[in-house]
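S.K.: Residue numbers (our numbering), protein chains in the order written: chain A, 987 to 1246; chain B, 198 to 477; chain C, 26 to 313.
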């Protein structure tokens, strides 16, 4: 298969200078992500998974190595609006309605009024929030807010989605539901998704590729290609295949954790 | 024993009992309105009857009814004073001062260096007795309303500046990152994020400034004014010991002050309805 | 060091530079008038020298004020009526007395409001409403009335200071005493703690971080109150009286020096409270 490369990192390093000395958030990370992949980054806190995502998004500057996004530098990619970013919290602007929040990137990127309205309707339907456009964020539940923030990232139709523990603050039931919807969405749009999580079942359930990371210094310890089919009902999580992959992830996490 | 005093005491006890009873009911909009109103009326009645009962001289403390009479019979004078002090002095100074502070805050928005320098200085100046500048400004701008407006301008400038600058820094890092991922330009960030996020702070500054504006305009008249204006009237009537008129002027100031504050608060409610403090 | 003080220093220097420039601009007319009458041509350097050293300038230059401050503080005996220290003390004493009274009154009122439903509903709206009223405007009246009943000197001014400083304290303390969250209050209930214990063990300590910012606003307001109280009654002592006398006789340098003295006083008072705050919060383990 001749696949198009979306993210390519070579010997990528990032060191934060803090008062307690340098912190190696990323050290010599090599990774390639192909178009259409659903990649999960998993690891304990401090392993640099969020930092890696932020480097792709040009929210942090690496201090060593190389990284390209769609064959460009992250900055060029950001200026071309090549990706949609979903944060840990929904982070909707409280002074805008749900529709207004989703319209925000479209306004900034200069879409016409008609196109804005059309796209808002489209993505609201995609995340099953049709009818909520005129509500304000605080009138919605946490899960609905997070769906709205995903819709906001989808609205300008970037091929790459960067998601930083988007469901971390939600309860398990809502989370299952959103995971299912996210898979649906991935199937429908064929986007490349980078997904940071610290939940093993979530990572295994969602991903076509699982990147296991370990802290101090932040590095990749294992990359697991998922053998699960793309079509995944929720009960696939009880299958042996699923449990095997989860086991391998857990082993990877433990290995990286070994010395403390 | 004096009938007035007994009456005042009884009225107070009855009204207080009523209020205690009302406040222990299920709180509704009506009780929330009624209880303070009853309390206010009680204060007025006690004032009236105690003053009459103890036969306090009107040059010391006139009873509310007398103040009411003075108010009604002097409406043209009070109106002229109101126009001079509030509309010409306080309002124009308020708009110029708040506008200038807002413009300054936006102008230094892109310079963290200037913000770091101006914020402590502004905080320092805001705590100073700026009202003392009044004699100097009266000397510079003359006895007319212009000098009053100038006092108001410098009184409201720093609280407004400090609040606006703080407000413009009030976004979360996530909100800022979001704008960055959209590769938003500076004007877009300003209009779509920084100013809306700053609105609650800006209104806080605007609200503080309403009171300062009225105080500034009135006190500045103590240092020289034409023969019209609330501060002028207060100081001359105090000199003539016509305290009913002084109180009438204070009533005007109170109404003007609360109405001014109320209008800004309503505007705040309309624009920052989304803020947690406004939703409760 | 530069990181921290550089910006502030730059701004302060800029203010001084602007001040000197403005002194030239604002005093230039008078300098030209004088030169015309003396029939001399005024060069730029002479203009600058003149505008920075006039006797009754429209805007005195900073060094003139500094000189006046030095002459009226360090060079005069502190009991002299020409000593600014003397006048400052007059103002400061009524400020402090009023501030103390206002703080006690404010705390008592806040305790009442927090513990009594009826008081909360009836008094609180008026406390808030009264903040929108220009209280300062009645200052002269209070002075005259109290004078008429034979109370004069320190107390009437202190009453105004009290009036101005008690509002921020009430508002801050009500917030502070209500700061314990539902969980902390429930914890007290599970121990069957009395209202008294709850107050001293939970509500009072929780309110301390709220108390000090209110005190800072309160003390600044108390000083403003004391100064304004000295204005309209023909008082002859105190910083307010100096301001008034200066404005009568066009002694701008005197006005400015009184003003700067007041500013220094305000800054010092706020700083003292800030230090006590730091100390208290550190003692209570709440220092940030």
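All C-beta atoms, glycine included, are put in the ideal place defined by N, C-alpha and C.
Along the region 1037-1068 of chain A, where does the CB come closer than 7 Å to a CB of chain B? Name the residues.
M.R.: Residues 1043, 1045, 1064, 1065 and 1067.
S.K.: Would you kindly check if the distance between the Cβ of residue 289/B and the Cβ of residue 346/B is under 8 Å?
M.R.: The answer is yes: Cβ separation under 8 Å.
S.K.: Apart from the five residues just before and just after residue 193/C, which ones in its own chain have a Cβ nearer than 6 Å to its Cβ?
M.R.: Closer than 6 Å at the Cβ level, and outside the excluded window around residue 193/C, lie 239, 242 and 243.
S.K.: Put residue 1010/A into one of helix, strand or coil per three-state DSSP.
M.R.: Note: residue 1010/A maps to strand in three-state DSSP.
S.K.: Quick one: residues in its chain with C-beta nearer than 6 Å to the C-beta of residue 1008/A, no 5 flanking neighbours on either side, listed in chain order?
M.R.: Taken in chain order, the residues that qualify are 1001.
S.K.: On the criterion of 16 or more Cβ atoms from any shown chain inside 10 Å, does residue 304/C qualify as buried, or is it exposed?
M.R.: With fewer than 16 Cβ atoms within 10 Å of its Cβ, residue 304/C is classed as exposed.
S.K.: Starting from the beta carbon of residue 471/B, find every residue of chain A whose beta carbon is closer than 9 Å, and list them in chain order.
M.R.: Simply 1079, 1080, 1081, 1082, 1122, 1123 and 1124.
S.K.: Got a sec, what are the start and stop residues for the beta strand (DSSP E) residue 999/A sits in?
M.R.: Counting along the chain, the beta strand (DSSP E) containing residue 999/A begins and ends at 991-1004.
S.K.: In terms of residues, what are the limits of the alpha helix (DSSP H) holding residue 222/C?
M.R.: From DSSP, the alpha helix (DSSP H) with residue 222/C extends over 220-223.
S.K.: Report all residues from its chain with a CB closer than 8 Å to the CB of residue 107/C; omit the five preceding and five following residues, and keep chain order.
M.R.: If we look at residue 107/C and ignore the five residues flanking it on each side, its Cβ neighbours are 97 and 101.
S.K.: Would you mind working out which of 374/B, 208/B, 286/B and 318/B sits nearest residue 1039/A, comparing C-alpha positions?
M.R.: When each option's Cα is compared against that of residue 1039/A, the closest is 374/B.
S.K.: Throw me the rounded Cβ distance for the residue 315/C and residue 95/C pair, which I believe falls under 8 Å.
M.R.: Chain C is shown only over 26 to 313; residue 315/C falls outside these bounds and no answer can be derived.
S.K.: Taking 8 Å as the cut-off, decide whether the C-beta atoms of residue 146/C and residue 232/B are in contact.
M.R.: Cβ distance < 8 Å, so residue 146/C and residue 232/B count as in contact.
S.K.: When we look at the beta-carbon of residue 430/B and count the other beta-carbons within 10 Å, is it buried (16 or more) or exposed?
M.R.: The residue in question, residue 430/B, is buried, as its Cβ has 16 or more Cβ neighbours within 10 Å.
S.K.: Less than 8 Å between CB atoms is the rule here; does residue 170/C satisfy it with respect to chain B?
M.R.: It does; some Cβ of chain B falls within 8 Å.
S.K.: Does any CB atom of chain C fall closer than 8 Å to the CB of residue 236/B?
M.R.: Yes, contact with chain C.
S.K.: Is there a C-beta anywhere in chain B that falls below 8 Å from the one on residue 150/C?
M.R.: Yes, because at least one Cβ of chain B sits closer than 8 Å to the Cβ of residue 150/C.
S.K.: Measure the CB-CB distance between residue 1177/A and residue 1145/A and report whether it falls below 8 Å.
M.R.: Yes, these two residues count as a Cβ contact at 8 Å.
S.K.: Taking the beta carbon of residue 987/A as the centre, do at least 16 other beta carbons fall within 10 Å, making it buried, or is it exposed?
M.R.: Reliability fails at residue 987/A, whose pLDDT of 45 lies under 50, so the model's placement of it is uncertain and the value that follows must be treated cautiously. With fewer than 16 Cβ atoms within 10 Å of its Cβ, residue 987/A is classed as exposed.
S.K.: DSSP beta-bridge partners for residue 1183/A?
M.R.: Its beta-bridge partners are 1028/A.
S.K.: Tell me whether residue 1028/A is buried or exposed, calling it buried when 16 or more other Cβ atoms sit within 10 Å of its Cβ.
M.R.: The residue is buried, with at least 16 neighbouring Cβ atoms inside 10 Å.
S.K.: Using C-beta distances below 7 Å, list every residue in its chain close to residue 425/B, excluding the 5 sequence neighbours before and after it, in chain order.
M.R.: The answer, listed in chain order, is 277, 278 and 281.
S.K.: For a contact defined as C-beta to C-beta under 8 Å, what are the partners of residue 177/B on chain C?
M.R.: Nothing about residue 177/B can be reported from this structure: the residues present for chain B run from 198 to 477 only.
S.K.: Closer than 7 Å by beta-carbon distance: list the chain B residues that pair up with residue 142/C, in chain order.
M.R.: 220 and 221, listed in chain order.
S.K.: Return helix, strand or coil for residue 1020/A, following the three-state DSSP convention.
M.R.: If DSSP states are grouped into helix, strand and coil, residue 1020/A belongs with the strands.
S.K.: Taking its Cβ as the centre, do 16 or more other Cβ atoms sit within 10 Å of residue 1276/A, making it buried, or is it exposed?
M.R.: Nothing can be reported for residue 1276/A, as the shown portion of chain A is limited to 987 through 1246.
S.K.: Going along the region 1094-1120 of chain A in order, which residues come within less than 8 Å of chain B, judged by CB to CB distance?
M.R.: Within the region 1094-1120 of chain A, the residues whose Cβ lies closer than 8 Å to some Cβ of chain B are 1094 and 1095, listed in chain order.
S.K.: Count the C-beta pairs between the region 224-243 of chain B and the region 400-408 of chain B that are closer than 8 Å, then say yes if the count reaches three, no if not.
M.R.: Because the criterion of three Cβ pairs below 8 Å is not met, the region 224-243 of chain B and the region 400-408 of chain B do not touch.
S.K.: According to the neighbour-count rule (16 or more other Cβ atoms, all chains shown, within 10 Å of its Cβ), is residue 1159/A buried or exposed?
M.R.: Its Cβ having fewer than 16 others within 10 Å, residue 1159/A is exposed.
S.K.: How many angstroms separate the CA atom of residue 1121/A from the CA atom of residue 1083/A?
M.R.: Near 5 Å, if we compare the C-alpha coordinates of residue 1083/A and residue 1121/A.
S.K.: When the Cα of residue 153/C is compared with those of 445/B, 451/B and 267/B, which residue comes out closest?
M.R.: Minimum Cα distance to residue 153/C is reached at 451/B.
S.K.: Going straight from the alpha carbon of residue 1246/A to that of residue 35/C, what length do you get?
M.R.: Summary for residue 1246/A: the model assigns pLDDT 48, below 50, so the residue's position carries little reliability, and this model does not support an answer.
S.K.: Just mark residue 1006/A as buried or exposed, buried being the case when its beta carbon has 16 or more other beta carbons within 10 Å.
M.R.: Exposed: under 16 other Cβ atoms inside 10 Å.
S.K.: Closer than 8 Å by beta-carbon distance: list the chain B residues that pair up with residue 1075/A, in chain order.
M.R.: In chain order: 371.
S.K.: How about residue 148/C and residue 138/C: are their beta carbons less than 8 Å apart?
M.R.: Taking 8 Å as the Cβ cut-off, residue 148/C and residue 138/C qualify as a contacting pair.
S.K.: Which residues does DSSP list as the beta-bridge partners of residue 1147/A?
M.R.: Per DSSP, 1070/A and 1179/A.
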